[in-house]
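Peer 1: Heads up: the sequence shown runs through residues 428 to 962, numbered per this note's numbering. Using N, Cα and C, we set each Cβ at its ideal position, and we do this for glycine too.
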Amino acid sequence: MTTTSSTHREGYVPFPPDAAETYRAAGYWTGRALGDLLRETARSAPERTALITGDGAHSYARVDADADRMAHGLLALGIAPGDRVVVQLPNVPEFLTVLFGLLRAGIIPVLTLPAHRRAEIEHLAALSEAVAYVIVDRQGDFDYRELAATVRESVPSLRHVLVLGEPGAFTDLNTVPRDGDALPEIDPSDIALMLVSGGTTGLPKLIARTHDDYAYNATASAAVCELTADDVYLATLPAAHNFPLACPGILGTVSVGGAIAFVTDPSPENAFAAIEKHRVTVTAVVPPLAQLWCAATEWEDADLASLRLLQVGGARLAEVNAVEVTPALGATLQQVFGMAEGLLNYTRLDDPAELLHTTQGRPLSPADEVRVVDGEGNDVAPGEEGELLTKGPYTIRGYYRAPEHNARAFTPDGYYRSGDLVRRLPSGHLVVSGRIKDVINRGGENISCDELEEHLLAHPAVRHAAAVGLPDAALGEKVCAVLVVDGTMPTLAEIKSFLTDRGLATYKLPDMLRQADALPITAVGKIDKKALRAQ
Ligand code: OOB
């Protein structure tokens, strides 16, 4: 009955046929559709808990059937395989049904974050020519239906707004599911879903991931984390982000038959209660949250004994914070250096403490190709700093519908230019030493913000630190350190002498200090340097 929308591959950059053949032959790509990850577990262990919700546990059999009914309902609305649907849901259990419903129908979810607003959603909906937009009615004091009304006026392709909760003028998502017979055949080399790039400059880009590559991303990650059916994964970060979605996250947990719980509020009080109640074993957080959770063990007395693995990634975790994780939370620390574009680096569970604390892990796959290059694109000497370039079985070859940007962001031979500065150790572990874009150029001297922040964080009064470059007539840029402190704010002179005592070069010392109550964060919880500079 349904026909595949022919437009969805326009502007998609596929893997070259020879690379695809290699990945298939080597067994990285298995020809499974993402919807099959759930199907396989539902067949082998139908009674196991897939989902923990406010009103009890849902078995794999139930979630599987719910996903099928959602798929049939979406198709019955006239949404066709290959069509794009913008999904903007907080971390609610229904996320799983909506996601798998779309995947099973061959409809492509465009996974946006709850914190995205009009500028991002309009851009992403228009770029993907989305036909539908899935939201919750409201969260906190934000009404997504008002946002949807605005977006629908400016994006003519949007035919449906499907609402979880009170639908207002739109369609109630709960009325959509229906029974049906056959679902469309899925081509595993086709686009499964679209992620939003984490880039902090310019408009967000769309990252189209295939069934083959993303299934590998999730299952190989599950293997590295030694995930089993006994694990309970807590989605703490926004579920639409690659890290909690598939590293190994939600999809990895489904692939091994574990259980998934969601929290919308990652505060220690709330997350710790969920960990205790559901006996959570694994979760993923960003560094500021890891730091907050560690500190909160001082005043929260929840039982966290079930937590075996805390994954920390998304931004550089300072060594001073890394060493605190296991003593405070009892869990093994895993550093994860990943990107929505693909490449994932993990510290391994049995890595020595030194590597766990001071590196951001090593590539997930033996087929990941990593180069560390200088400004001219030549490989640097082993151990030297350079830009990370990468290609591999789960790294995109180009952003969706972005040919001009792709010409800069990818090398002619298909490597993604990450913009991250790294050093590679003999073990293959990478140390992220900064970002090409996150460097302050002070009178011709380059200062890595990450490095300066690491030193600032070592000061006993400093809880959070961010270094930003501000325009300066004499120097080009001057260094401003924004600090969140415990107790009294140190003076500039005190900070300078503290950093000098730590052996930091004089040119890296801040020119000015600003105190803040909190640092602005991006939709996924990283420090928002752009917003900070604007302040
Ligand atoms: C993850 O993905 P994105 O797409 O939001 O951001 C990617 C960028 C990287 O290029 C790098 O600049 C930074 O975020 N980053 C890290 C890091 N992990 C990510 N910088 C330093 N240390 C780390 N551990 O952020 C992401 C995706 C999957 C898993 C984990 C994180």
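Which word fits Phe764, buried or exposed, when buried means at least 16 other C-beta atoms lie within 10 angstroms of its C-beta?
Peer 2: Flag for Phe764 reads buried.
Peer 1: Does DSSP put Ala749 in a helix, in a strand, or in coil?
Peer 2: It is helical.
Peer 1: Hey, how far is the Cα of Gly533 from the Cα of Arg511?
Peer 2: The straight-line gap from Cα to Cα measures roughly 10 Å.
Peer 1: Between the C-alpha atoms of Gly788 and Arg572, what's the straight-line distance to the nearest angstrom?
Peer 2: So the two alpha carbons sit approximately 41 Å from each other.
Peer 1: Quick check: the region 573-585 against the region 470-478, are there 3 or more CB pairs under 8 Å?
Peer 2: No, the region 573-585 is not in contact with the region 470-478.
Peer 1: Kindly indicate which residue of Ala447, Ala888, Ala893 and Val911 has the alpha-carbon position closest to the one of Asp877.
Peer 2: Closest option to Asp877, Cα to Cα, is Ala893.
Peer 1: Any heavy atom of ligand 1 inside 7 Å of the beta-carbon of Ser409?
Peer 2: A question about residue 409 goes unanswered here, because the residues of the chain that appear run from 428 up to 962.
Peer 1: Is it buried or exposed for Thr434, if we count other Cβ within 10 angstroms and need 16 for buried?
Peer 2: Per the 10 Å Cβ criterion, exposed.
Peer 1: Quick check: the Cα distance between Pro830 and Ala542, rounded to an integer number of angstroms?
Peer 2: Distance between the alpha carbons of Pro830 and Ala542 is about 27 Å.
Peer 1: Could you check where the alpha helix (DSSP H) with Glu549 kicks off and where it finishes?
Peer 2: Arg545 to Ser555 is the extent of the alpha helix (DSSP H) around Glu549.
Peer 1: If we call anything under 8 Å between Cβ atoms a contact, is Leu848 one with Ile863?
Peer 2: For Leu848 and Ile863, yes; Cβs fall inside 8 Å.
Peer 1: DSSP three-state call for Tyr487: helix, strand or coil?
Peer 2: In this structure, Tyr487 counts as helix in the three-state DSSP scheme.
Peer 1: Leaving out five residues on either side along the sequence, give the residues of the same chain with a beta carbon under 6 Å from the beta carbon of Asp938.
Peer 2: The answer, listed in chain order, is Lys905 and Val906.
Peer 1: At a cut-off of 7 Å, would you count Gly930 as near ligand 1, judging by its Cβ distance to the nearest heavy atom?
Peer 2: Flag unset: Cβ of Gly930 not near ligand 1.
Peer 1: Measure the alpha-carbon distance for Trp720 versus Phe689 and round it to whole angstroms.
Peer 2: Distance between the alpha carbons of Trp720 and Phe689: 17 Å.
Peer 1: In three-state terms, what does DSSP make of Gln718?
Peer 2: Of the three classes helix, strand and coil, the one that applies to Gln718 here is helix, per DSSP.
Peer 1: Within 10 Å of its beta-carbon, does Lys957 have 16 or more other beta-carbons around it, so buried, or fewer, so exposed?
Peer 2: Lys957 should be labelled exposed.
Peer 1: So the candidates are Glu556, Gly500 and Phe569; which of them puts its Cα closest to the Cα of Leu516?
Peer 2: The shortest Cα separation from Leu516 among Glu556, Gly500 and Phe569 belongs to Phe569.
Peer 1: At what residue ranges does the region 695-744 contain a whole run of the alpha helix (DSSP H), taking only runs of 4 or more?
Peer 2: Listed in chain order, they are 695-705 and 714-723.
Peer 1: List the whole-angstrom C-beta distance separating Val752 from Leu737, where the pair is believed to meet the contact cut-off of C-beta under 8 Å.
Peer 2: Indeed, because the Cβ distance is near 6 Å, the residues count as touching under 8 Å.
Peer 1: Could you have a look at Met497 and say whether DSSP puts it in helix, strand or coil?
Peer 2: Looking at Met497 - three-state DSSP - the assignment turns out to be helix.
Peer 1: Just to check, is the beta-carbon of Phe764 closer than 7 Å to a non-hydrogen atom of ligand 1?
Peer 2: Yes, Cβ of Phe764 sits closer than 7 Å to a heavy atom of ligand 1.
Peer 1: Which residues share a DSSP beta bridge with Ser875?
Peer 2: DSSP lists Val866 as partners of Ser875.
Peer 1: So, with DSSP's three-state summary, where would you put Glu796?
Peer 2: Correct three-state label for Glu796: strand.
Peer 1: Figure out for me which residue from Asp617, Gly607, Ile562 and Ile613 has the closest Cα to the Cα of Gly592.
Peer 2: Closest option to Gly592, Cα to Cα, is Ile562.
Peer 1: Between Leu538 and Leu478, how many whole angstroms is the CB-CB distance? I'm expecting something under 8 Å.
Peer 2: Leu538 to Leu478, Cβ: 18 Å. No contact.
Peer 1: Express the C-alpha separation of Ile823 and His886 in angstroms, rounding to a whole number.
Peer 2: Using only the alpha carbons, I get a separation of about 40 Å.
Peer 1: Measuring only the C-alpha atoms, how far is Arg605 from Leu530?
Peer 2: Each residue's alpha carbon lies about 16 Å from the other.
Peer 1: Identify the residues that DSSP records as bridge partners of Ile687: which are they?
Peer 2: DSSP output for Ile687 lists Leu478 and Tyr660 as bridge partner(s).
Peer 1: Rounded to whole angstroms, what's the CA-CA distance from Gly528 to Ser648? Just pull it up for me.
Peer 2: Cα to Cα, Gly528 sits roughly 23 Å from Ser648.
Peer 1: Where does Gly896 sit, in a helix, a strand or coil, going by DSSP?
Peer 2: Strand at Gly896.
Peer 1: Does DSSP put Gly528 in a helix, in a strand, or in coil?
Peer 2: The answer is helix: DSSP assigns Gly528 an H, G or I state.
Peer 1: Would you grab the beta carbon distance between Ala745 and Glu881 for me? Rounded to a whole angstrom, and I think it's under 8 Å.
Peer 2: Contact holds; Cβ gap of about 5 Å.
Peer 1: I want to check one thing, is the minimum distance from the CB of Val974 to the heavy atoms of ligand 1 below 7 Å?
Peer 2: With the chain covering 428 to 962 only, the question about residue 974 has no answer from this structure.
Peer 1: Quickly, what does DSSP pair Phe569 with across the bridge? List them, please.
Peer 2: Answer by DSSP bridge pairing, in chain order: Gln566.
Peer 1: Using 8 Å as the threshold, is the C-beta distance between Leu622 and Leu554 below it?
Peer 2: Cβ atoms of Leu622 and Leu554: not closer than 8 Å.
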